[in-house]
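Just below is one structure, and these are the notes that go with it.
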Amino acid sequence: METRELRYFVAVAEELHFGRAAQRLGIAQPPLSRAVAQLERRLGVTLLERTSRSVVLTEAGSVLLAEGRAALDAVDAADRRTRRAALSVTGSSGLVLVTKAGASGELLAKLLDAYAAEPGAATVDVLLCGIGEQERMLRDGRADVALLHLPFDSTAGLDTEELCTEGQVVVLPAGHPLSTRSQVTLAEITALPGLPEPRRPRPDGTFPDGPGPQVRDSAQLYQLIALGRASAVLPESSRAQLNPGLVVVPVSDAPAVTTVIAWPPHSRSRALAGLVRTATRL
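Residue numbers (the working numbering): 1126 to 1407.
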């Protein structure tokens, strides 16, 4: 398969309309139709059921849509990483570090200060992202290195070094009956009336089903908690980010959270190696 044909097919499969897909791609409709038909002949399968009024994915088309998106993402990531690797050799590019907004703030500040003091340190641009986005940004080549948190983020296929491990706390609105407790259990939190756990996005951007509100970033989460609409179990270091209207209580039986620094295994960047060495030394 050619990537051009694959991009054409993905556009049609997402739009389910050849005219809209052609407009999105900036091409005329006839060559788009020919390219998709050629792809079907090459694969020997029907990808789209076409009528005068509709376009519908076949089972084979649904599979190719999912696989095609992943393949095109990998191609785009390879493009970005290759260009960044060339820049790093010439010294004209620094590092891009991505982390979830509001997470590991104290650790990140210490890391950046310590690395900046190293001889020959590269510039480090920090990207603050929403919940669950840092892993995807690292994998697709938009970042060189990330701070991830186990067991919430996946590190499969990445190189990592563990930096610290901490307990978890429940964040509650000030004045809540549990706010004066020295500790609580997960069962007690689950049973809280009117304070459901928020629904955080999956790696693909969709949300799981459930009663809790959808939350994409820490600022939104903390505001919902302060309004008495949600509660959340977070790493203990989140204390430093809380507003006056929120309180935290340790959760005795919550699993520990481990912060790791992660990077693609094929990286040969000396600047990245220096940043990782600094992080592990801290």
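All C-beta atoms, glycine included, are put in the ideal place defined by N, C-alpha and C.
Keep in mind it's a predicted model, so treat the numbers as computed, not measured.
So residue i and residue j are supposed to be a Cβ contact under 8 Å. How far apart are they, rounded?
i	j	result
leucine 1288	valine 1249	No, leucine 1288 and valine 1249 are not in contact; Cβ-Cβ is about 16 Å, not under 8 Å.
alanine 1138	glycine 1186	6 Å
arginine 1327	proline 1333	7 Å
What number of angstroms, rounded off, separates the C-alpha of residue i from the C-alpha of residue j?
i	j	result
alanine 1228	proline 1244	28 Å
glutamine 1431	arginine 1175	The structure shown does not extend to residue 1431, since the chain spans only 1126 to 1407, so no value can be given for it.
arginine 1354	leucine 1172	45 Å
glycine 1255	glycine 1230	14 Å
threonine 1285	glutamate 1322	29 Å
valine 1294	serine 1307	11 Å
aspartate 1269	serine 1177	47 Å
proline 1360	alanine 1202	31 Å
Of the choices the options, whose alpha-carbon is the least far from that of residue i?
i	options	result
leucine 1157	Ala1242, Arg1132, Arg1208, Leu1407	Arg1132
proline 1302	Val1374, Gly1193, His1391, Glu1184	Val1374
phenylalanine 1277	Leu1367, Ala1196, Gln1259	Gln1259
leucine 1275	Val1385, Arg1149, His1391, Phe1143	Val1385
leucine 1164	Val1223, Arg1325, Arg1149, Gly1193	Gly1193
leucine 1317	Ser1304, Arg1327, Val1181	Ser1304
arginine 1149	Val1161, Arg1159, Ala1136, Leu1141	Ala1136
leucine 1252	Val1223, Arg1341, Val1309, Asp1238	Val1223
serine 1362	Arg1129, Glu1127, Leu1232, Leu1141	Leu1232
valine 1358	Arg1206, Leu1190, Gly1292	Gly1292
leucine 1407	Gly1282, Thr1331, Asp1201, Tyr1240	Tyr1240
asparagine 1368	Leu1311, Leu1297, His1391, Ser1394	Leu1297
aspartate 1204	Tyr1347, Asp1265, Val1180	Asp1265
Output the boundary residues of the beta strand (DSSP E) element that contains residue i.
i	result
aspartate 1250	1249-1254
alanine 1357	1357-1360
arginine 1261	Not the beta strand (DSSP E): arginine 1261 falls in the alpha helix (DSSP H), residues 1259-1264.
Return helix, strand or coil for residue i, following the three-state DSSP convention.
i	result
arginine 1206	helix
threonine 1403	helix
proline 1101	An answer regarding residue 1101 cannot be provided, because it is not within the stretch 1126 to 1407 covered by the chain.
valine 1340	coil
valine 1201	Correcting the residue type first, residue 1201 is aspartate in the shown sequence and not valine. Reduced to three states, the DSSP call for aspartate 1201 is helix.
isoleucine 1350	helix
leucine 1397	helix
Alpha helix (DSSP H) containing residue i: first to last residue?
i	result
aspartate 1238	1230-1241
isoleucine 1152	Segment: none, isoleucine 1152 is in no alpha helix (DSSP H) and carries neither H nor E.
alanine 1271	That residue, alanine 1271, is in no alpha helix (DSSP H); its beta strand (DSSP E) goes 1270-1275.
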